[in-house]
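Here is the structure we will look at.
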Amino acid sequence: MKVSNEILSHGKLINLHRTVIEKCEQGYYKAHPIGFRFCQGKGKWLSSTEKLCFKMCPSLISDSLDIKCSYNGKYANCSNLSIPDTIATTSCKPFYSAPISQEDTQLELNCQANGMWNKQLYRCNPNCGRVYIINQVLIKNGKKALVGTAPWNVGIYQLNKKKTNYDLICGGSIIAPNLVISAAHCFWKKAMLSKKISITGGLYKVAVGKYDRNFTIIDNEFTQIINVEMIHMKEGYYGPTGFHAEDISIIVLQDRVSFSNDVSPVCIDWNGKYNMVNGDQGKVCL
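Taking full-length UniProt numbering, the leading residue of the sequence shown gets 1, the next gets one more, and so forth.
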């Protein structure tokens, strides 16, 4: 029997009594170990299976959901393509909550034969503005700082001129897993051509969950040091000549912050739900 490794093009005629081995294209699941078609007399095909290749469902990846998958009762990895009848169950990661439109219960998704999940993933929101105080007191310059009193606070560090260490230059607050809000004057220079700065070479770093200003000291197990990737300053900020009006900057982090009881974002009124008036009380961390 002559064997050929030729890949057949669509529409190509096959001689009688020849067997064609079938393989699935990328993104398709092979339902049977071996699939073939045999060219019978009168030009009719005899197939080993009614349908060999099934479309696979796209991978399920989320930074706010825990996703557990199974197939026929056994573990399956949904971060890869999933075969039909795979079941995925989701729940919010620790320190995240389901949005108002979604009940805080497990969502079950099924991979269908058409290669589509029957439901869509939702996004959980990080718990914000929650103070968590433990019995640990750190003393700096005669003042006591309780761990967890402001878990959204960060220290912003700049590489010194000798490029040997980092100096604390400003503070900021976490507003999203990869975003920090701070003051524009921390980064403003008179000769700047753009209010959007791309940071390279580790010029700035952000420290979260850190209570000792010394950069070299990692003082807690939840302390994280993250490189700054981009800084966006308010377009209307012109430094001292503009009387420091619109002194706001948004810092984009190279990596995402890992949230815990000790590290979490401050709440932001993204939808403009609340109106602040003179006399309203708030909290300022210096």
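For each residue, glycine too, the CB sits at the ideal point set by N, CA and C.
When the Cα atoms are used, T164 and G202 turn out to be separated by approximately 12 Å.
In the three-state DSSP reduction, H232 falls in the strand class (E or B).
Residue environment analysis places K205 among the buried positions, since at least 16 neighbouring C-beta atoms fall within 10 angstroms of its C-beta. If you look at C92, you'll find it in the beta strand (DSSP E) that goes 87-92. Only residues of its own chain outside the window of five on either side were considered, and among them I181, P265, V266, I268 have a CB closer than 7 Å to the CB of I175, listed in chain order. Taking every protein chain shown into account, the CB of V131 has fewer than 16 other CB atoms within 10 angstroms, so this residue is exposed. Comparing alpha-carbon positions, the option among G155, L60, F95, A191 lying closest to E108 turns out to be L60. Closest in alpha carbon position to T223, among K196, L253, G239, G155, is G155.
Contact between W188 and M233 holds: their C-beta atoms lie close to 7 Å from each other, under 8 Å.
Taking a contact to require three or more Cβ pairs closer than 8 Å, the stretch 37-49 and the stretch 14-22 qualify as touching. For Y157, the CB contacts under 6 Å within the same chain, skipping 5 residues up- and downstream, are Y166, L168, K205, F215 in chain order. Three or more Cβ pairs drawn from the stretch 121-130 and the stretch 62-76 lie within less than 8 Å of each other, which places the two stretches in contact. If one requires a minimum length of 3 residues, the beta strand (DSSP E) runs lying completely within the UniProt domain "Peptidase S1" (139-279) are 143-146, 153-159, 166-176, 179-182, 196-198, 204-208, 224-233, 249-253, in chain order. It is roughly 12 Å from the alpha-carbon of N127 to the alpha-carbon of S258. Annotated three-state conformation of K51 is coil, per DSSP. Scanning its chain for C-beta atoms nearer than 6 Å, with the 5 sequence neighbours on each side dropped, one finds around K119 the residues L109, in chain order.
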